[in-house]
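Numbering (my numbering), first residue to last: 1487 to 1661. For each residue, glycine too, the CB sits at the ideal point set by N, CA and C. Step one of this worksheet: look at the structure below.
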Amino acid sequence: HFHADGGVPFQRKYFENFEQISLFKELLHYNNLPQVPAYLVNAVLLHILSLLAFLSEEKNAHFDAQAEKVREWIRVHATAKLTVRAVAAQFGYSADHLSRICKRNYGLGVGALIHHFLLSRAKELLCNTDAYVKEIAAALGFATDKGFIGYFKYHEGCFPVAFRARFAKVHRNNK
1487 HFHADGGVPF
1497 QRKYFENFEQ
1507 ISLFKELLHY
1517 NNLPQVPAYL
1527 VNAVLLHILS
1537 LLAFLSEEKN
1547 AHFDAQAEKV
1557 REWIRVHATA
1567 KLTVRAVAAQ
1577 FGYSADHLSR
1587 ICKRNYGLGV
1597 GALIHHFLLS
1607 RAKELLCNTD
1617 AYVKEIAAAL
1627 GFATDKGFIG
1637 YFKYHEGCFP
1647 VAFRARFAKV
1657 HRNNK
């Protein structure tokens, strides 16, 4: 648990919609290692806070309700089988028009948003479950676990098992 003197410059809803959950796991991991200097823990915490501040500024700067609907739909339905064409058909737009809308509002096209949310979900499952890689691959819609492993390695630069092992030391609250 952390305390912020004077509060934080953004609302609670930004914590609820924060997509990079693995950063919290990383923060706990470094905080619980005996030989880690405090500046490393502070750096991870500052990174989380800067992402939250960026999200709050970005959301307040402009809001496109249709783009937000598309983004949220992609977040909920992101699997390895989801295509740009399928998202466009869902909303009745052409793939190019929908990508322009997303790029203007989020800086990413529809395909990049699909990859972003798919990787985010993969990281969440790797960090917060004990499921086998094969089970995670199936849950994310990959035909084979090898396909998922290759996809993850390409986008993250490490294998899923190595990613999971990276933040193995976890502090659990005793309730």
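Tell me, to the nearest whole angstrom, how far the beta carbon of Arg1557 is from that of Tyr1592; I am working on the premise that it is less than 8 Å. 6 Å
Give a yes or no on whether the C-beta atoms belonging to Leu1604 and Leu1584 are separated by under 8 Å. no
Take Asp1550 as the anchor and find which of Val1596, Leu1532, Cys1588 has the nearest alpha-carbon. Cys1588
Local conformation of Lys1639 per DSSP, three classes: helix
Distance CB(Val1647)-CB(Asp1631) smaller than 8 Å: no
Is it true that the stretch 1505 to 1524 meets the stretch 1609 to 1618, where meeting means three or more beta-carbon pairs spaced less than 8 Å apart? yes
Among Arg1652, Lys1609, Arg1586, which has the Cα closest to the Cα of Phe1634? Lys1609
Lys1499 (DSSP reduced to helix, strand or coil): Caution applies to Lys1499, whose pLDDT of 48 falls short of 50 and renders its modelled position unreliable; the value that the coordinates give is listed next. Looking at Lys1499 - three-state DSSP - the assignment turns out to be helix.
Under 8 Å, with one C-beta from each stretch per pair, do the stretch 1593 to 1601 and the stretch 1561 to 1580 reach the 3-pair mark? yes
Label Tyr1525 either buried or exposed according to how many other C-beta atoms from any shown protein chain fall within 10 Å of its C-beta, with 16 as the threshold for buried. exposed
State the Cα-Cα distance for the pair Ala1566 and Ser1606, rounded to the nearest angstrom. 12 Å
Below 8 Å CB to CB, which residues in the same chain sit around Phe1645 once its five sequence neighbours on both sides are set aside? Ile1635, Phe1638, Lys1639
Going by DSSP, what residue range makes up the alpha helix (DSSP H) through Asp1582? 1581 to 1592
Using 10 angstroms around the beta-carbon of Ala1623, count the other beta-carbons present and answer buried if the total reaches 16, otherwise exposed. buried
Based on Cα-Cα distance, which residue from Asn1517, Ser1580, Lys1555 lies nearest to Asn1528? Asn1517
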